[in-house]
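Below is one structure, written out as structure tokens; the observations come after it.
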Amino acid sequence: MYCSSLLVNAMLALGCHFTNSPKACAHPSDSTTKGDAFFAECKRLIVENDEYEKPRLTTIQALCLMSVRECGQGRESKGWIYSGMAFRLAQDMGLNLDSGIKKNKSNNTKDSPIDEKEIDVRRVTFWGCFLFDKCFSNYMGRLPQLPVNEITVPKYDVFPEEDASCWSPYTDNGIGQVYSQPSRTRAVALQISVLCEVSSLILTFFYNPQHVERGIGRSQELRRLSEIQTRMEEWKRDLPKEFEPKEGSLPNVLLMHMFFHLLYIHLFRPFLKYNPNNSPLPNHVSPRKICTQAAGSISKLMRLYKRVYGLRQICNIAVYIVHSACTIHLLNLEEKNSRRDIIHGVKHLEEIAEDWLCARRTLSILSALGRKWGIELPPEASAVLSRTDSRFGYFSTADVPSPKAEVVVSTPSSTSSPTNFQASSHLQPLASSQIQLQQSSFHYPTDSTIPP
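In mature numbering (1 follows the signal peptide of the UniProt record, and there is no 0), the protein residues as written are -26 to -1, 1 to 426.
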């Protein structure tokens, strides 16, 4: 009931990218064809089984996996279409709505045509869509398709026995036992869903010029900035100790923390275009410094991930996160740490590019940014980009804008504008009488638990 040929083939199409076996390729001599045979079967099954007309929960799940695979292959437009299909079907099936079904004292659903297992699968499927939506919105530079105000369905439960099941890293050489530990799949996913809710707030408020609250006044924008940062600090404070980033942490835990630091970049990046004289932020707040600290934390986490698991089997959303961090590093190459981090960043992307084609284009974009902006990269970073340009091709510098007074960070999905998201253009400095902010506001949370 909760498995189908379509879903299995979608899982295999995506899973082929996590192995070096030639058997995973439609053409064994061409690594870019990994998973193509299974993906072709997915497309055939969709038509043959009329999945669009008779959707099931497995249809939605399969479409989400297909979207991730296409995006990782550098076909973002196709990935966007598959994800959109999944989200529309989820809404058509009412997965975003609370069923209103209550449990009786025996913990069973009372007088319900839908059993408890079905309710759980529906919730897991929808909140999975919610996570995919926010990742795609960040990656593609577009507003979320699943607005928070249209969601009434509760989040799924965590089942201790299920989350206690053993997880071990899979490799081409077998199952590794060194880092075997409880999977904690649901518990981690719930933590990520909270960050996705925060991401939705950032995208819809700061990157949507038509947001209804824009007319309230400039003080509202700083107030919202403060509220969002407070939510992020609360998330960090309330995070269980077992989910702190450390040697041997679960891969999804490390990615979760990368996403957390990425949100700080997104929150303060719209303010990079201002100088200290016209910034709407208080004088003691430096968006550049906050973005730099966040990018540095992402780089630390990537080094930790590589040291423990390697990067050949990393989820492809990491490409976007590393890209965002690298564009911040490009602004600060006069600093020793940023020079170190840009070297590691392009090396990490080169390793990921063996399996994910989107990383190849990201490398070419970073190379183009350096050439267009006249940035003198460290020799090691230049060597990597020269090598990848030769292997994967050049990105035209004509598509990359030259920086004005302030360099603004680009996103991997587009280089036609310094910021693919367009932040509010009418932010102006606020007088101290308009809004009072504590000196401690808008600080960046340092994390001493991340190894260097």
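Cβ coordinates follow ideal geometry from the N, Cα and C atoms, glycine included.
| Check | Outcome |
| --- | --- |
| Which listed residue (L323, T32, Q155) has its alpha carbon closest to that of I291 | L323 |
| DSSP three-state assignment for Y113, whether helix, strand or coil | helix |
| Buried or exposed by the 16-neighbour rule on C-beta atoms within 10 Å, applied to A14 | exposed |
| Contact under 9 Å by Cβ, V162 with M114 | no |
| Beta carbon of R334 nearer than 9 Å to that of R286 | no |
| The alpha helix (DSSP H) enclosing H297, as first and last residue numbers | 291 to 304 |
| Proximity below 9 Å, CB of I272 to CB of S312 | no |
| Separation of S73 from L199, as counted between CA atoms | 34 Å |
| Member of R262, F217, V227, N252 whose CA lies at the smallest distance from the CA of I239 | R262 |
| Status (buried if at least 16 other CB within 10 Å, exposed otherwise) for D315 | buried |
| Between the CA atoms of K274 and D4 - distance to the nearest angstrom | 33 Å |
| Endpoints, alpha helix (DSSP H) assigned at W54 | 50 to 66 |
| Burial state of C109 (16 or more Cβ within 10 Å) | buried |
| Where the alpha helix (DSSP H) containing T159 begins and where it ends | 159 to 180 |
| T33 and A60 closer than 9 Å at C-beta | yes |
| Candidates L236, M232, S260, C332, of which the one nearest F245 by Cα | S260 |
| Run of the alpha helix (DSSP H) containing K310, from where it starts to where it stops | 310 to 326 |
| Environment of E350 [buried if 16+ CB atoms lie within 10 Å] | exposed |
| Buried versus exposed call for K247 [16 or more other C-beta atoms within 10 Å across all chains shown] | buried |
| Pairwise C-alpha distance: P254 and W141 | 47 Å |
| Inter-residue spacing [alpha-carbon to alpha-carbon] between D107 and E27 | 22 Å |
| Status (buried if at least 16 other CB within 10 Å, exposed otherwise) for R243 | buried |
| The segment 46 to 59 contacting the segment 341 to 355, beta-carbon criterion three pairs below 8 Å | no |
| Endpoints, the alpha helix (DSSP H) within which N(-18) is located | -22 to -12 |
| Three-state secondary structure (DSSP) of I149 | strand |
| Close-in-space but distant-in-sequence residues of the same chain around D66 (CB under 8 Å, 5 per side omitted) | P29 |
| Spatial distance of E22 from Y279 (CA atoms) | 41 Å |
| V(-19) versus R281: straight-line alpha-carbon distance, rounded | 31 Å |
| First through last residue of the alpha helix (DSSP H) which encompasses F341 | Correcting the residue identity first, residue 341 is Ser in this sequence and not Phe. It spans 331 to 346 - the alpha helix (DSSP H) in which S341 sits, taken as one unbroken run. |
| Reference W330, options T(-8), Y(-25), A(-17), closest by Cα | T(-8) |
| Cβ pair E50, C300 closer than 9 Å | no |
| Contacts around L(-13), its chain only, beta-carbon distance under 7 Å, and the 5 residues preceding and following it disregarded | G9, L39, V42, R43 |
| Y144 - DSSP class collapsed to helix/strand/coil | strand |
| Beta-carbon proximity check, G284 vs E325, cutoff 9 Å | yes |
| Neighbourhood of L(-21) by C-beta, 8 Å cutoff - its chain only, sequence neighbours within 5 removed | C16, L19, I20, N23, E25, T32, T33, A36 |
| Assigned exposure category for G148 - 16 Cβ within 10 Å defines buried | exposed |
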